[in-house]
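In full-length UniProt numbering, the protein residues as written are 1 to 189. Cβ atoms here follow ideal geometry from the backbone N, Cα and C, with glycine treated the same way. Treat the numbers as computed from the prediction; the structure is a model and nothing was measured. Input: a single structure, listed below in C-alpha cells.
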C-alpha cells in the first residue's frame, strides 16, 4: 500500500509552488497524493497560472472537494504520512490555530495535529502582523508542526524562478521523507 500525503491548497499566493510539489509527488513510487483545494485556491490558481483546475487535479492521485467534510482525511483512522498546506493563507493559519474546522483543509489539519503526524505549513503573507506572528509561533510550538514559509534562497545558485520554486517545493516535502532528485543542499563554504 502506498503512503498517503494530504496536500491542501488555500487562497494565498504561491500556486506555482503547489504545482511543483504535485509534480515531485508524481515521481514518488511509494507515495500517493490527496489534493484538497479551497474555492479561494481555485480563484488564485486562475489568477497566478495559465493552468486550468482540471490540469492541476490531474497532477494529484486523488482529489477531494474542500466541502466534503466527511471524506477520509476528516478522520484519524484515515492513515496518512501527514499533511502539507501549500500555499497556506493566514486565514487558514488562524483556523488551524483556533481549531476552527469549517472545511476539509482545516479539518484534515486538525486531525493531523491530534494524530501527531507531520503538518507542514507553507505560510504565505508579507508583511506579517503581530496576530500572524502569534498564531505561527504558537503553532510552531506543537510537536510535528513545521512552519516553512516559501522564502527565496540563493546558496544553490538558482538561475530561474523555476529553480527557486523547485528548491522550495523540495524543502516542503522533505519532512515527509521525500527527497527531490535535483534538490541542492547546503554543503558548506
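Roughly how many whole angstroms lie between the Cα atoms of residue i and residue j?
i           : j           : result
residue 190 : residue 128 : Look at the range of the chain in this structure, 1 to 189, and you will see that residue 190 is not part of it.
residue 15  : residue 45  : 6 Å
residue 155 : residue 70  : 44 Å
residue 27  : residue 178 : 10 Å
residue 137 : residue 97  : 10 Å
residue 82  : residue 160 : 30 Å
residue 132 : residue 40  : 19 Å
residue 151 : residue 77  : 34 Å
residue 73  : residue 164 : 30 Å
residue 105 : residue 130 : 24 Å
residue 162 : residue 68  : 33 Å
Starting from the Cα of residue i, find the closest Cα among the options and give me that residue.
i           : options           : result
residue 175 : 119, 154 and 157  : 119
residue 185 : 162, 160 and 153  : 153
residue 183 : 7, 24 and 19      : 24
residue 149 : 4, 5, 157 and 170 : 170
residue 124 : 157, 92 and 42    : 92
residue 9   : 115, 116 and 108  : 108
Tell me whether residue i is buried or exposed, calling it buried when 16 or more other Cβ atoms sit within 10 Å of its Cβ.
i           : result
residue 99  : exposed
residue 29  : exposed
residue 134 : exposed
residue 75  : exposed
residue 143 : exposed
residue 65  : exposed
residue 22  : buried
residue 189 : exposed
residue 90  : buried
Under the criterion of a Cβ to heavy atom distance below 6 Å, does residue i qualify as lining the ligand COA?
i          : result
residue 74 : Looking for the ligand COA in the displayed structure turns up nothing, as the structure carries no ligands at all.
From the DSSP output, in three-state form, read off residue i for me.
i           : result
residue 34  : strand
residue 127 : coil
residue 87  : strand
residue 4   : strand
residue 140 : helix
residue 29  : coil
residue 167 : helix
Just to confirm, are residue i and residue j a CB contact at a threshold of 7 Å?
i           : j          : result
residue 139 : residue 86 : no
residue 48  : residue 2  : no
residue 35  : residue 12 : no
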